[in-house]
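Residue numbers (the numbering used here): 3 to 113.
The C-beta atom is built at its ideal place from N, Cα and C for all residues, glycine as well.
Below: one structure, written as structure tokens.
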């Protein structure tokens, strides 16, 4: 990259799990605040209704977030808690490895 070329802004996909019929507003605000603190651009916000019914590899919305990493349209998947990916540690770790293999990472928005 030459010194005169513009730099690309870091892109994050915010992935939220909806529990019940309410929109996860608090979780969204936490992720947005985290992204803002690091000057990340939120490229996409995904709200998934199937978090509690299927494993991460079977959730189209989560796979869409991973696809954004694979196509280099995003650099990270930002979640409010590990449980947004899976409450099962092994499933979270496996999904994180897939994201890292694709060239990105999963970041938990902590206070």
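Nearest-angstrom Cα separation, counted from residue j out to residue i
{"i": "residue 21", "j": "residue 9", "result": "38 Å"}
{"i": "residue 43", "j": "residue 17", "result": "14 Å"}
{"i": "residue 15", "j": "residue 34", "result": "10 Å"}
{"i": "residue 99", "j": "residue 59", "result": "12 Å"}
{"i": "residue 47", "j": "residue 94", "result": "19 Å"}
{"i": "residue 62", "j": "residue 110", "result": "20 Å"}
{"i": "residue 86", "j": "residue 96", "result": "14 Å"}
{"i": "residue 67", "j": "residue 41", "result": "20 Å"}
{"i": "residue 90", "j": "residue 56", "result": "12 Å"}
{"i": "residue 23", "j": "residue 101", "result": "29 Å"}
DSSP beta-bridge partners of residue i
{"i": "residue 47", "result": "16"}
{"i": "residue 78", "result": "14 and 107"}
Supposed close pair residue i, residue j - CB separation, criterion 8 Å
{"i": "residue 76", "j": "residue 45", "result": "5 Å"}
{"i": "residue 80", "j": "residue 37", "result": "6 Å"}
{"i": "residue 78", "j": "residue 105", "result": "10 Å between Cβ atoms; not a contact."}
{"i": "residue 32", "j": "residue 82", "result": "5 Å"}
beta-carbon residue i near the ligand ATP non-hydrogen atom, thresh 7 Å
{"i": "residue 16", "result": "With respect to the ligand ATP, the structure shown offers nothing to examine, as it has no ligands at all."}
The stretch 57 to 71 contacting the stretch 23 to 33, beta-carbon criterion three pairs below 8 Å: no
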